Each structure stands twice: as C-alpha cells, then as structure tokens.
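Just so you know, the sequence shown maps onto residues 184 to 681 in my numbering.
For each residue, glycine too, the CB sits at the ideal point set by N, CA and C.
These numbers come from a predicted model, not from an experiment.
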Amino acid sequence: MINSDLTLQQKKRAPSLKEVQEGRNWIVLLPASNSSSFSGKFPYHDILLERRNRKTSEIVDTDIHTLDLPNDEGSRVSYVCLKPDIRSFDLLTLARKLVQAHKSDNQQTLCFHVSGFTDTQSHRLVESLVAATAASIAIMPNYKTKQKTDYRFNKINIFGVVKTDAYKRTLAEAEGNALARYLSMLPSNKLMPGDYLKKLQILSKENSWKLDFYDISALKRKKAGAFLAVTQASAVKDAGIVCLRYNPARVSKMNKLSLVGKGICFDTGGVNLKSAKYMFGMHDDMQGSAVALGTFLALTRLNVNYPIECWLALATNHIGPRAYKPNDVITASDGTTIEIVHTDAEGRMVLADTLIMASERKPSLIIDFATLTGACVYSVGTGYSGVFTNQENYIPELIEVGKTCGERVWPFPMDEDYESALKSEIADIKQCALEGNADHILAARFLQRFVKHNIPWIHMDLSSSQNKGGLGHIPTDTTGFGVRYVLNLLFSGKIWKK
Ligand SMILES: [Zn+2]
Numbered sequence: 184m185i186n187s188d189l190t191l192q193q194k195k196r197a198p199s200l201k202e203v204q205e206g207r208n209w210i211v212l213l214p215a216s217n218s219s220s221f222s223g224k225f226p227y228h229d230i231l232l233e234r235r236n237r238k239t240s241e242i243v244d245t246d247i248h249t250l251d252l253p254n255d256e257g258s259r260v261s262y263v264c265l266k267p268d269i270r271s272f273d274l275l276t277l278a279r280k281l282v283q284a285h286k287s288d289n290q291q292t293l294c295f296h297v298s299g300f301t302d303t304q305s306h307r308l309v310e311s312l313v314a315a316t317a318a319s320i321a322i323m324p325n326y327k328t329k330q331k332t333d334y335r336f337n338k339i340n341i342f343g344v345v346k347t348d349a350y351k352r353t354l355a356e357a358e359g360n361a362l363a364r365y366l367s368m369l370p371s372n373k374l375m376p377g378d379y380l381k382k383l384q385i386l387s388k389e390n391s392w393k394l395d396f397y398d399i400s401a402l403k404r405k406k407a408g409a410f411l412a413v414t415q416a417s418a419v420k421d422a423g424i425v426c427l428r429y430n431p432a433r434v435s436k437m438n439k440l441s442l443v444g445k446g447i448c449f450d451t452g453g454v455n456l457k458s459a460k461y462m463f464g465m466h467d468d469m470q471g472s473a474v475a476l477g478t479f480l481a482l483t484r485l486n487v488n489y490p491i492e493c494w495l496a497l498a499t500n501h502i503g504p505r506a507y508k509p510n511d512v513i514t515a516s517d518g519t520t521i522e523i524v525h526t527d528a529e530g531r532m533v534l535a536d537t538l539i540m541a542s543e544r545k546p547s548l549i550i551d552f553a554t555l556t557g558a559c560v561y562s563v564g565t566g567y568s569g570v571f572t573n574q575e576n577y578i579p580e581l582i583e584v585g586k587t588c589g590e591r592v593w594p595f596p597m598d599e600d601y602e603s604a605l606k607s608e609i610a611d612i613k614q615c616a617l618e619g620n621a622d623h624i625l626a627a628r629f630l631q632r633f634v635k636h637n638i639p640w641i642h643m644d645l646s647s648s649q650n651k652g653g654l655g656h657i658p659t660d661t662t663g664f665g666v667r668y669v670l671n672l673l674f675s676g677k678i679w680k681k
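Pasting the structure below:
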C-alpha cells in the first residue's frame, strides 16, 4: 500500500570510473581528518577535496558539498567530510539532507561510497543513509487532483562496505515507520475507527496475524467504562479495542511482548472543546496506535521468536448531548472509579481499559505509545519524546538507546507523591488536575494504576510525533517516532532478552 520496493547491492571495493559515470547520483562520505592518506578512494577524490578547500567561508564538518563531475553523464555527487563519532541524531539529519539533495533527479538508483573509516564506522554511516532513503520513498496520502510525477529511488548501490544482513532491520523499521506515518496523515474522514478496523483486517490477512475486535457491546459486557465514556458522543458506534496477535513458528522463550497504542481518530476535546488552533491536526491523535502497529509490523517482518500482542484503542472524542462531562464519575473495567475533570484528557481514559485488558494476558513487558499530553511537548519540545517506566533501573538504557539510534527520549520521575494532585473527594482517583503542572507525569501515574500484576511497563508520550520539516532521517512533519526506538531497545538485549 505504501512501500516502494528497494533493492540493495553492496561491494567492498571502491567504484570504478565507469561505475561512477553509470550511477548518476552519488553520496560520498569521507573522514574529516587524514582525508588523503587512505586507500579505496572515490575516483574523483582529489577533485572533491579541491572543491571543498576552495570555499572561503569556514567549513563545518556537516556541510554538504554538491557538484557535477566532469564525466559524460555529469554525475552528481554530494559529499561530506565528517567525524566518525558524529551523534546519531545529527547523522540521521545529515543523511536526510544528503538524500533530499538527489530527489529531484529522475533517476531510480542512488549510490553510496564510504572510505577511510573502519568497517564498524562505515556500517553505522551507511545505515543512516539507507534509513533516510527508505524514509524518503514511502508514499504518503495525497488527494490533489493533479498529481506530480514523483520519482522515487528503488535501488541503492553501496560501495566500500558490505553488511551481511543487508540492513534488514533498518528496512523493517522503515516499513513500520512508513505505515505509521501514512495512517497518521490520513484525514479523519478517511480514517474513522471503522475504516481503521478494515485496514487492520487486510493487514492481518497479509501478515497472518490473529485479530480480535472488542466492539461497544463487548466492552459494555467487560464494564470498560473509561473507554466507553469517551465514545458516548460518537454518532457512529464504530469504536472499539483491537487485539492483533503474532505467533512465531518457533517460540524460543516464554517471553511475551505487549504493544499498546492510543488511537483517537479525531479529538475535538469533547465538552471541553479545543480552540481552532489546537484542534487543527487532531486527526493524528491516533499516532500512538499507528506507531504500535508499525512496530508490530517491523517485528513481524524480522520473524522474532517471541509472541506479541498489539492492542489498539480506536475511538473518536466528539462533542454532543450524550458526551461525557466534567464531574461525571466513571468506572473502569477493574472497578476503579474515576472523577472526570477535563474531557480533553481522553487518551488516558481509553488507555486505562486497554492496559487492563493487555495486563490480563500477563505479558513480560508492556510498551504503550500515545500522543498524550501538551505538557510533554512543553517539557522537551518536539525533538524528543517523553519516556516513563515502573522499572527505574531501565532508565539509563532507555536514554542510551535513544542516543544510539537517533530517536531520542528523555525520562521523567514517577514518584508516588505526584499522585496527591489526583486525589478525588468522590471517586478513587481524578482523571487529571485542572490546575497545576506536570500533566505528563500525572498522566503516566494515572496509567500505571491500570498496569496489573507488576508487569514491567514503558510508556512513551510522543511529543515528537510532529516536528516541522521532519526529524532525523524522516522528511515529513509527521514522524512516526517510536518504531525505530523500540526495535533498537528490544534488539539491544539489555532489558528484553531475546
Ligand atoms: Zn484530547
């Protein structure tokens, strides 16, 4: 539906003059220092350096130089002389810009050459270019009647280093991320919960997933009052909770992973109606569910050897005579009574019952994703996402993985005394505080209550779901942030043993 095929060829050696001419688009990465004293150089190496040295202004390591080579085809080369320890986020950003420098050309092959680095360094550099290329060719929703011919790369030729797994994980991440972005960009009149369910049914068939759908009646039987409160004002009763299941052919461990996502297909704010400025863009309040799904897809592609469940809370937060209101007291499916304070805090309501249902299956780890609070955006901006956990010992690894993979997160405290702000006179807990600070932390404290059986849990408040101009290797404002992060977290093996 959205993925262009991308084929990869790899050669350890440098390209020949003929190959440079045939491949019209080249991205060349060179070390910032000792640029003349290594072997396996690009055929036009000296011209590149001479051109770079001609610049009179001060040269920064991440400056991109572009020139057309003096061959018959006028092969275009973009090159950078960079330090191998460049931060991953900066490297991904650079990779996006390098790929974008070649997008207007009507060629289908993009060539990379790295030389002067160790193999480990080269793998990391090329990985970022593969990630950026794959992100750039994903097809996104477009309803313009006159469509521009859009050339997309479908082949990458890599020179200078060979990776045995041919960047399989990077391509799986890219596919999951593209799915997440695609769904998040769909306008809400094209992706109401019912439409979303249909797409999930198609995907389940294609990928041999089991799909269970808990519709409004099923959720009434489960007494999932927190979820149902949010759906009360919806004219179409298509909301519900989806559970997708992946079961590997060979299970090597009893570990079971559970992914949970907030899927509010449009958020008006409800009775506490949002103003125009804050309502615009609220079709993407389902991005948490899309990222959970994208992560689930990527892990399926990689045939991981543990079972996974993916829980998606699909609903819309509407305004209407039947809408839930401030001061209403709602009962979640575990019996917890909740005093409603602000109807725009609907994400934590739908997630409460979803987390209870996910917990019932006793997974070894729950990771939830949600575009949950404005407070998280105020705290870290849109370049980072917030991360919360009931396992404080995970925190160093959670930060480290973000730094390493370039999708950066920052943790917040979860101390019990924060919850005094959620004390209710009439119910077990308030949904949120009307006044005061740290709503992202209160939201996490609220959610933690519904994670049962002491199951290790990580909550991602996706403040970086939208970033103007793209983020890292992702070229669109909608980032699909989280797929790459979670894959790197799981494959790092530190908190999740394969
Ligand atoms: Zn809301």
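Closest to residue i by CA distance: which of the options is it?
i, options, result
"residue 360", "196, 479, 262, 416", "479"
"residue 575", "640, 618, 550", "640"
"residue 492", "475, 486, 527", "475"
"residue 406", "209, 561, 533, 619", "533"
"residue 222", "657, 454, 296, 585", "296"
"residue 229", "247, 207, 246, 252", "252"
"residue 472", "380, 652, 336", "380"
"residue 464", "567, 311, 660, 510", "660"
"residue 313", "345, 225, 652, 333", "345"
"residue 636", "543, 504, 369", "543"
"residue 364", "192, 663, 675, 372", "663"
"residue 653", "601, 294, 277", "277"
"residue 515", "678, 324, 404", "404"
"residue 224", "194, 343, 323, 306", "343"
"residue 456", "411, 261, 509", "509"
"residue 586", "518, 595, 566", "566"
"residue 377", "446, 413, 336", "446"
"residue 552", "564, 568, 617, 370", "568"
"residue 199", "210, 188, 227, 439", "227"
"residue 462", "557, 399, 238", "557"
If you drop the 5 nearest sequence neighbours on each side, which residues of the same chain put their C-beta closer than 7 Å to that of residue i?
i, result
"residue 394", "383, 384, 387, 425, 427"
"residue 300", "214, 267, 308"
"residue 286", "319"
"residue 272", "589, 591, 655"
"residue 658", "279, 283, 318, 319"
"residue 350", "191, 310, 313"
"residue 669", "478, 550"
"residue 202", "none"
"residue 204", "254, 255, 256, 258"
"residue 247", "261, 263, 280, 281, 284"
Give a single yes or no on whether residue i has its beta carbon closer than 7 Å to a heavy atom of ligand 1.
i, result
"residue 390", "no"
"residue 530", "yes"
"residue 450", "yes"
"residue 527", "yes"
"residue 637", "no"
"residue 500", "yes"
Use the C-beta contact count for residue i: other C-beta atoms within 10 angstroms, 16 or more gives buried, fewer gives exposed.
i, result
"residue 507", "buried"
"residue 667", "buried"
"residue 466", "buried"
"residue 429", "buried"
"residue 330", "exposed"
"residue 500", "buried"
"residue 672", "buried"
"residue 468", "buried"
"residue 233", "exposed"
"residue 340", "buried"
"residue 519", "buried"
"residue 326", "exposed"
Below 6 Å CB to CB, which residues in the same chain sit around residue i once its five sequence neighbours on both sides are set aside?
i, result
"residue 441", "492, 541, 546, 549"
"residue 265", "215, 244"
"residue 633", "535, 538, 539"
"residue 207", "256, 258, 290"
"residue 484", "355"
"residue 184", "Unreliable positioning characterises residue 184 in this predicted model, as indicated by a pLDDT of 45, which lies under 50. A coordinate reading is not provided."
"residue 450", "465, 468, 500"
"residue 494", "426, 443, 537, 541"
"residue 417", "499, 501"
Once the 5 residues before and after residue i are set aside, which same chain residues still bring their CB inside 8 Å of it?
i, result
"residue 560", "646"
"residue 615", "524, 525, 528, 531, 605, 622, 625, 626, 629"
For residue i, which residues does DSSP report across the bridge?
i, result
"residue 296", "211, 342"
"residue 577", "DSSP output for residue 577 lists no bridge partner at all."
"residue 194", "342"
"residue 260", "209, 250"
"residue 617", "Residue 617 pairs with nothing; no bridge assigned."
"residue 483", "The partner list for residue 483 (beta bridge, DSSP) is empty, contrary to what the question assumes."
Are the C-beta of residue i and some C-beta of chain C separated by less than 8 Å?
i, result
"residue 280", "The structure shown contains no chain C; it is built from a single protein chain."
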